[in-house]
Amino acid sequence: MSGYKIRKGKDIVFIIGITILTFLGILPLFHIITTVFINGVPIIVKKGISFLTNTLSNGGIGPAITGTFILIFLSSLIGLPIALLVGIYAYEYPESKIGRATKTLLQIMLEFPTILVGVFVMSMIAIPMGTYSAIAGAFALAIILMPYVAVYTQEAMREIPFTYREASFGLGLSRVKVIFQILVPLSKRGILTGVLIGLAKVAGETAPLLFTVGGLYESYPASIMKPVGAIPLLIYTLVQSPSKTDHMMAWGASLILLLIFLLIFIPIRLKLKEVRL
Amino acid sequence: MKEYAIETKDLKIYYGKKEVIKGINLRIPKNTIFAIMGPSGCGKSTLLRSFNRLLELNKDAKIEGEVLIFGKNIYGEDVDPISIRREVGMVFQYPNPFPHLTVYDNIAIGLKLNNLVKSKEEMDKRVRWALEKASLWDEVKDRLYEYPASLSGGQKQRLVIARALALKPKILLMDEPTANIDPVGTKNIEKLLFELKKDYTIVLVTHEPAQAARTSDFVGFLYLGKLIEVGPTKYIFEKPKNELTEKYLTGSLV
Numbered sequence: 001m002s003g004y005k006i007r008k009g010k011d012i013v014f015i016i017g018i019t020i021l022t023f024l025g026i027l028p029l030f031h032i033i034t035t036v037f038i039n040g041v042p043i044i045v046k047k048g049i050s051f052l053t054n055t056l057s058n059g060g061i062g063p064a065i066t067g068t069f070i071l072i073f074l075s076s077l078i079g080l081p082i083a084l085l086v087g088i089y090a091y092e093y094p095e096s097k098i099g100r101a102t103k104t105l106l107q108i109m110l111e112f113p114t115i116l117v118g119v120f121v122m123s124m125i126a127i128p129m130g131t132y133s134a135i136a137g138a139f140a141l142a143i144i145l146m147p148y149v150a151v152y153t154q155e156a157m158r159e160i161p162f163t164y165r166e167a168s169f170g171l172g173l174s175r176v177k178v179i180f181q182i183l184v185p186l187s188k189r190g191i192l193t194g195v196l197i198g199l200a201k202v203a204g205e206t207a208p209l210l211f212t213v214g215g216l217y218e219s220y221p222a223s224i225m226k227p228v229g230a231i232p233l234l235i236y237t238l239v240q241s242p243s244k245t246d247h248m249m250a251w252g253a254s255l256i257l258l259l260i261f262l263l264i265f266i267p268i269r270l271k272l273k274e275v276r277l
Numbered sequence: 001m002k003e004y005a006i007e008t009k010d011l012k013i014y015y016g017k018k019e020v021i022k023g024i025n026l027r028i029p030k031n032t033i034f035a036i037m038g039p040s041g042c043g044k045s046t047l048l049r050s051f052n053r054l055l056e057l058n059k060d061a062k063i064e065g066e067v068l069i070f071g072k073n074i075y076g077e078d079v080d081p082i083s084i085r086r087e088v089g090m091v092f093q094y095p096n097p098f099p100h101l102t103v104y105d106n107i108a109i110g111l112k113l114n115n116l117v118k119s120k121e122e123m124d125k126r127v128r129w130a131l132e133k134a135s136l137w138d139e140v141k142d143r144l145y146e147y148p149a150s151l152s153g154g155q156k157q158r159l160v161i162a163r164a165l166a167l168k169p170k171i172l173l174m175d176e177p178t179a180n181i182d183p184v185g186t187k188n189i190e191k192l193l194f195e196l197k198k199d200y201t202i203v204l205v206t207h208e209p210a211q212a213a214r215t216s217d218f219v220g221f222l223y224l225g226k227l228i229e230v231g232p233t234k235y236i237f238e239k240p241k242n243e244l245t246e247k248y249l250t251g252s253l254v
């Protein structure tokens, strides 16, 4: 056999090999999505719109959905501005002591066990307040959200070719204007990806909520200083129950969580395609 | 005493401890095209960036000596680099219009962020003026609100020139503006340089002696951080006094 044929043969084996491995890699993802749909759709069809609006004892998860949105909103409000500034700082002063420390700290925070964040916030906020609350949960989630957004911001800005930075300063702009009016908009694609991943993460987090939000499923939340529910936390509670009905409800809630996740993800993903460097 | 657009006095530039510009004395008269030519790595771009203090973006760079712009030392104590950069515009080697801004906004952004223009009408006028100055208006007047990605390399570079002109600088620094442009685009830009010379002083960095010969009134040959020879372009190309210059022009400089 000629060398060419052997090489070609190796090539084909290699391509088949990685195709199979890739397929095996993404199989669990599809499996999760299909299972959630197969088990979640029947209960939602059965209950109809009331599944989204009723309280738990009336066969709905309305308060949990509301709670999740409140938590996403509040944690973004707290976490995003800080994260953006931290990311910009790490980009702008990479060599300074604080800049380097920040980068290391962010890496650690990314991998930090989220349950510890929950414990921390419980001791700092929930215990002094004397109650679980939406605001405590939002703080915990903000701590988890922050490193994602900060790291993505820093990376996205670092990827801007130096020539655009030169061009901006060349127009006689101050550093603040160069950063906030040109470089940040220029890297908004990367920054929004970070925000997106952070929000998706926060929407699905359970551990940091265990000791902070309390849970509220029989009525709608009235104040951010009072306990709220959240879909992941509700799923956790329902699955632990021995009742079949509760398990059904958990599948329905899982499907709603998945849809919320996709709702955050897909539109921004599509919008992001507009700007190209 | 005659006032020059740019004058340097014993200008030395260091990157860390390494001296890259080794004591340069240079005078660039007003309304001329002054070419700085030399092989890559000789310090051309570094020298150019010291004329509008853009070199300071590089934290390792250290500057000694003086650079006078119309008689004023821009490295003096209370000089604001921002005002210098408005007065001394810059065009870069890689055509770099801001990709996330439309053609119109690319011109407008410097004016807008510097609060130099009050009304929308005035902005429209200034954008048109800058594009006309850069000989680009006819080609882009129907696509002012498109993104620069749809322009050719030469058009992008003229857009960048228009962006610089919009701030009404007195001097234009050009760092190998045609290095990434096709021959037709290059010809258009060189033609534009002659037009711009009437109102501006242009410092053109190039690694192509032929471009210096075609476009400039004066030329300086920079080699390993030293200014080897300066003079009217005609004389330098016909009768270089220095052996190194002659070697460079005949392509035998190793």
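Here the protein sequences line up with chains F and D, keeping their order. So for the first sequence, the working numbering puts the first residue at 1; every next one is plus one. So for the second sequence, the working numbering puts the first residue at 1; every next one is plus one. All residues carry an ideal CB built from backbone N, CA and C; glycine is no exception.
Any C-beta of chain F under 8 Å from that of residue i
| i | result |
| --- | --- |
| Met174 of chain D | no |
| Ile82 of chain D | yes |
| Met123 of chain D | no |
| Arg214 of chain D | no |
| His100 of chain D | yes |
| Phe237 of chain D | no |
| Met90 of chain D | yes |
| Asn96 of chain D | yes |
| Gly110 of chain D | yes |
| Leu167 of chain D | yes |
| Leu113 of chain D | yes |
| Arg86 of chain D | yes |
Host beta strand (DSSP E) of residue i (start-end)
| i | result |
| --- | --- |
| Ala61 of chain D | Ala61 to Ile69 |
| Phe218 of chain D | Phe218 to Tyr223 |
| Ala35 of chain D | Ile33 to Met37 |
| Gly89 of chain D | Val88 to Val91 |
| Glu229 of chain D | Lys226 to Pro232 |
| Ile6 of chain D | Ile6 to Tyr15 |
| Asp175 of chain D | Ile171 to Asp175 |
Rounded straight-line distance, which links the Cα of residue j to that of residue i
| i | j | result |
| --- | --- | --- |
| Ile18 of chain F | Tyr94 of chain D | 39 Å |
| Glu132 of chain D | Leu159 of chain D | 10 Å |
| Val103 of chain D | Val20 of chain D | 37 Å |
| Ile33 of chain D | Val88 of chain D | 14 Å |
| Arg189 of chain F | Ala156 of chain F | 8 Å |
| Val13 of chain D | Glu66 of chain D | Looking at the sequence shown, residue 13 of chain D is not Val but Ile. Cα to Cα, the separation comes out at about 11 Å. |
| Lys170 of chain D | Lys97 of chain F | 40 Å |
| Lys168 of chain D | Pro183 of chain D | 28 Å |
| Thr186 of chain D | Leu227 of chain D | 26 Å |
| Leu209 of chain F | Leu233 of chain F | 7 Å |
| Ile279 of chain F | Leu196 of chain F | Residue 279 of chain F is absent from the model: chain F starts at 1 and stops at 277. |
| Thr245 of chain F | Gly59 of chain F | 9 Å |
| Glu92 of chain F | Gly99 of chain F | 8 Å |
| Gln240 of chain F | Ala250 of chain F | 10 Å |
| Glu246 of chain D | Leu253 of chain D | 9 Å |
| Asp124 of chain D | Thr153 of chain F | 34 Å |
| Leu165 of chain D | Glu205 of chain F | 53 Å |
| Leu285 of chain F | Phe98 of chain D | Since the first and last residues shown for chain F are 1 and 277, residue 285 of chain F lies out of range. |
| Ile15 of chain F | Ile26 of chain F | 17 Å |
C-beta neighbour in chain D for residue i, strict 8 Å
| i | result |
| --- | --- |
| Leu277 of chain F | Unreliable placement is indicated for Leu277 of chain F, whose pLDDT of 47 sits below 50; the coordinate value is still reported in the next sentence. With 8 Å as the cut-off, Leu277 of chain F counts as an interface residue toward chain D. |
| Leu171 of chain F | yes |
| Tyr164 of chain F | yes |
| Ala167 of chain F | yes |
| Gln154 of chain F | no |
| Leu196 of chain F | no |
| Lys177 of chain F | yes |
| Ser174 of chain F | yes |
| Ile317 of chain F | This structure leaves residue 317 of chain F out entirely; chain F is present only between 1 and 277. |
| Ile191 of chain F | no |
| Gln181 of chain F | yes |
Presumed contact (8 Å Cβ cut-off) between residue i and residue j, rounded CB distance
| i | j | result |
| --- | --- | --- |
| Leu199 of chain F | Ile143 of chain F | In fact, because the Cβ distance is near 14 Å, the residues do not count as touching under 8 Å. |
| Ile63 of chain D | Leu54 of chain D | Contact flag wrong, Cβ pair sits at about 12 Å. |
| Leu48 of chain D | Asp175 of chain D | 6 Å |
| Ile61 of chain F | Phe69 of chain F | Not quite, the Cβ-Cβ distance comes to about 12 Å (not below 8 Å), so this is no contact. |
| Phe51 of chain D | Glu166 of chain F | 14 Å between Cβ atoms; not a contact. |
The alpha helix (DSSP H) enclosing residue i, as first and last residue numbers
| i | result |
| --- | --- |
| Tyr104 of chain D | Val103 to Leu113 |
| Phe69 of chain F | Gly62 to Glu92 |
| Arg49 of chain D | Lys44 to Arg49 |
| Lys22 of chain D | That residue, Lys22 of chain D, is in no alpha helix (DSSP H); its beta strand (DSSP E) goes Lys18 to Ile28. |
| Ile144 of chain F | Ala134 to Arg158 |
| Ile115 of chain F | Thr114 to Val121 |
Chain-ordered chain C contacts of residue i [CB-CB under 9 Å]
| i | result |
| --- | --- |
| Pro185 of chain F | In the structure shown, chain C cannot be found, because the protein chains are F and D. |
(request) Give the residues from the region 120 to 153 of chain D that approach chain F closer than 8 Å (Cβ to any Cβ), ordered along the chain. (result) Listed in sequence order: Ala149.
(request) Would you list, in chain order, the members of the region 51 to 78 of chain D that have their beta-carbon closer than 8 Å to a beta-carbon of chain F? (result) Asn52, Leu54, Leu57 and Lys59: these are the residues of the region 51 to 78 of chain D whose beta carbon lies less than 8 Å from some beta carbon of chain F, given in chain order.
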